[in-house]
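Remarks on the structure that follows.
2 protein chains.
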Amino acid sequence: MRRTPVGRQTRARGIPEATVARLPLYLRALTALSERSVPTVSSEELAAAAGVNSAKLRKDFSYLGSYGTRGVGYDVEYLVYQISRELGLTQDWPVVIVGIGNLGHALANYGGFASRGFRVAALLDADPNVVGSTAAGLPVRHMDELESIVAGQHVSIGVITTPPGAAQQVCDRLVEAGVTSILNFAPTVLNVPDGVDVRKVDLSIELQILAFHEQRKSGEEPEEGPIEEPPVRERTPGPVRAAAAKLRRAAGGKDTKGDSDRQAVLPA
Amino acid sequence: MRRTPVGRQTRARGIPEATVARLPLYLRALTALSERSVPTVSSEELAAAAGVNSAKLRKDFSYLGSYGTRGVGYDVEYLVYQISRELGLTQDWPVVIVGIGNLGHALANYGGFASRGFRVAALLDADPNVVGSTAAGLPVRHMDELESIVAGQHVSIGVITTPPGAAQQVCDRLVEAGVTSILNFAPTVLNVPDGVDVRKVDLSIELQILAFHEQRKSGEEPEEGPIEEPPVRERTPGPVRAAAAKLRRAAGGKDTKGDSDRQAVLPA
DNA sequence: ATGCGTTTGTGAACGTGTGCACAAAGATGG
DNA sequence: CCATCTTTGTGCACACGTTCACAAACGCAT
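Here it is in structure tokens:
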């Protein structure tokens, strides 16, 4: 199962994944400085603007090369260019958005798309009532056109904003059509073949993490005592082999299949 | 600057942050099993359903306690309860959403909210044209009501879906009113006092990370050669002290202030 | 009771990420 | 040309996260 010497997602040519995740942050801060015609910036100042530690920032930049000048700082324009190039933002990235509900609309209108080389190649939906309408000035087209659009416009990035039940199916079609990077907003674990990247954005998970910390702050830590019986079933021993066998069937053969949470990304 | 012995966000009582981030994933998979009345599940099966490695899952669960039965697996109902309790989902969490554009609408309609103990206490917006309309059956109320709502309903979690220019301001008001956990969708670095948690969801960053890996796949790695001159300014040495001094003023005194990227979360 | 097959729980090794602290490098002023 | 001041780039130590591999625990059949 191990394909690359390092790990799941080889840190390409020496750039750590954690650093890659911060580059867009630096880029944003630098762009703001650039618009104010600030010529140079120190690691300390830029780090403050990006909300990180300055040593971390310097180390991050050191992976890209020695683009700073000691005693002075970093040239803003030069860094903007270098980071953009490293992230691949100097080229055009056509993107398809599948599932045009509220969230799909929000993304279609999202200004951050166009501003960084991302171009909405098409909006797709399966619902005939939605197909034909327009969002952000673009027509919503039917799922059937997915394959021809992806192939014709060389789309390599797909965004899934469908209800969770449709996500895996849509994902399969995207991959089959040639998409190799997927941004998934549906609360579903997607199965993809090797070589396809998936990143997920999950509202519900973020809130639950906040709730965890919030609970800690309140001092109402869940105590490990005799209190608070489990609501339904006690940990009663008993005949379980048959149950386990049944479970094995129900859980699906080889991978995550039946994950049909009832919550929806786009209830409308 | 170091407040806690471990680090930035002390891992409460022994539960690592990485584990906390996965608990909601396990919970979702377990809930799906529960709905199918599956009584027990092995670490291998549950790990597959959650998209993680089984050893990792077992270690994660070991931080919660010994809730499994060797030779059998984990009792689904029991685990659902324990994880819910650990995450603080057995209590009610009122939430305010500020900024009711497309994204705000999408979140208000999000089914995952209600299904896990999160309740939308109020929808708020500053635009008089939006105030008074309804979203997801709830009236949109004016920002002026923020303080009274937060105080009156004991809201501790706020969601920011405003344009980036308004985010810090809204954040300050939320914190001032008593909110101690914030989920930020605006592409802005928020400054908050100690004791307030911020999690951010940033569309643009996710896409840029995908683009980075996509570029690597294409083999078009940015090469470190004499090619590709920087577009605007060369790395010309020269008198820079005055510039650096000017910069220091422009960048703001103590913290991230002027971060006004032109992209908007909610252009509408 | 005893043995067998299964699955958990965890010690230990390894990889990744973070932050300190400082030498090297450059700018600037005399 | 030299002294001084500023800021980068990085070696090092430590914290955190992941994975392996295996003993201990448990159900079940005989």
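Chains as they are written, first to last, in the numbering used here: chain F, 680 to 947; chain S, 680 to 947. Glycine included, every Cβ here is placed at the ideal spot set by N, Cα and C.
**OP:** Would you list, in sequence order, the uninterrupted beta strand (DSSP E) runs of no fewer than 3 residues that lie entirely inside the stretch 862–897 of chain F?
**Re:** 876–879
Original post:
Can a CB atom of chain S be found closer than 7 Å to the CB of F:His-784?
Top reply: yes
Original post:
According to the neighbour-count rule (16 or more other Cβ atoms, all chains shown, within 10 Å of its Cβ), is S:Asp-823 buried or exposed?
Top reply: exposed
Original post:
What is the DSSP secondary structure of F:Leu-802, reduced to helix, strand or coil?
Top reply: strand
Original post:
Roughly how many angstroms lie between the CA atoms of F:Phe-792 and F:Ile-776, to the nearest whole one?
Top reply: 12 Å
Original post:
For F:Ile-884, is the beta carbon positioned less than 6 Å from some heavy atom of the ligand HEM?
Top reply: Only the bare structure without any ligand can be found here, which leaves the ligand HEM out of the picture.
Subject >> F:Ala-815 (DSSP reduced to helix, strand or coil) >> reply: coil
Subject >> Pairwise C-alpha distance: F:Leu-889 and S:Val-829 >> reply: 17 Å
Original post:
Can you pull the DSSP bridge partners for S:Ser-860?
Top reply: S:Ile-836 and S:Asp-876
**OP:** Using a Cβ-Cβ cut-off of 7 Å, state whether F:Pro-703 counts as contacting chain S.
**Re:** yes
Subject >> Cβ of S:Gly-693 within 7 Å of any chain F Cβ >> reply: no
Original post:
Any Cβ of chain S within less than 7 Å of the Cβ of F:Asp-876?
Top reply: yes
Original post:
Hey, is F:Asn-781's beta-carbon within less than 7 Å of any beta-carbon in chain S?
Top reply: yes
**OP:** Could you please tell me which residues of the stretch 872–896 of chain S, in chain order, have their CB closer than 8 Å to any CB of chain F?
**Re:** Gly-874, Asp-876, Arg-878, Val-880, Asp-881, Leu-882, Ser-883, Ile-884, Glu-885, Leu-886, Gln-887, Ile-888, Leu-889, Ala-890, Phe-891, His-892, Glu-893, Gln-894, Arg-895 and Lys-896
Original post:
In three-state DSSP terms, what is S:Ile-776?
Top reply: strand
Subject >> Proximity test, Cβ basis, 7 Å: F:Ala-801 and chain S >> reply: no
Subject >> Secondary structure of S:Arg-749, DSSP reduced to three states >> reply: coil
Subject >> Own chain, CB closer than 8 Å to S:His-784, minus 5 neighbours either side, in chain order >> reply: Ala-814 and Ala-815
Subject >> Under the three-state DSSP convention, the category F:Thr-719 falls into >> reply: strand
Original post:
With 16 as the cutoff for other CB atoms within 10 Å, does F:Ala-697 come out buried or exposed?
Top reply: exposed
Subject >> Any chain F beta carbon closer than 7 Å to S:Ile-836 >> reply: yes
Original post:
What's the C-alpha gap between F:Gly-752 and F:Ser-722?
Top reply: 7 Å
Original post:
Does the distance from the C-beta atom of S:Tyr-789 to that of F:Leu-886 stay below 7 Å?
Top reply: no
Original post:
If you drop the 5 nearest sequence neighbours on each side, which residues of the same chain put their C-beta closer than 6 Å to that of S:Gly-747?
Top reply: Tyr-753
**OP:** Could you round the C-beta distance between S:Leu-869 and S:Ala-845 to whole angstroms and report it? I think they count as a contact, below 8 Å.
**Re:** So it is not a contact: roughly 12 Å between Cβ atoms.
**OP:** Run the CB neighbour count on S:Ser-860, radius 10 Å, all protein chains shown included, and call it buried at 16 or more, exposed below.
**Re:** buried
Subject >> Element boundaries [alpha helix (DSSP H), containing S:Ile-762] >> reply: 755–766
Original post:
How long is the line joining the alpha carbons of S:Pro-695 and F:Val-810, rounded to whole angstroms?
Top reply: 45 Å
Subject >> Contacting residues, own chain, Cβ-Cβ under 8 Å from S:Asp-739 (five flanking each side not counted) >> reply: Thr-698, Arg-701, Leu-702 and Tyr-705
**OP:** Scan the stretch 729–747 of chain S for residues whose Cβ lies nearer than 7 Å to a Cβ of chain F and list them as they occur along the chain.
**Re:** Ala-729, Gly-730 and Gly-744
**OP:** List the residues of chain S that F:Thr-859 touches, going by C-beta distances under 7 Å, in chain order.
**Re:** Glu-893 and Lys-896
**OP:** Starting from S:Arg-820, find everything on chain F with Cβ-Cβ shorter than 9 Å and list it in chain order.
**Re:** In chain order: nothing, as chain F lies at least about 19 Å away.
**OP:** Work out the CA separation of S:Leu-709 and S:Val-717 for me, nearest whole Å.
**Re:** 9 Å
Subject >> Own chain, CB closer than 7 Å to F:Thr-719, minus 5 neighbours either side, in chain order >> reply: Val-751, Gly-752, Tyr-753, Asp-754 and Val-755
Original post:
Under the rule that 16 or more other beta-carbon atoms within 10 Å means buried, what is F:His-892, buried or exposed?
Top reply: buried
Original post:
Hey, would you say S:Val-880 sits closer than 7 Å to S:Ile-836, going by beta carbons?
Top reply: no
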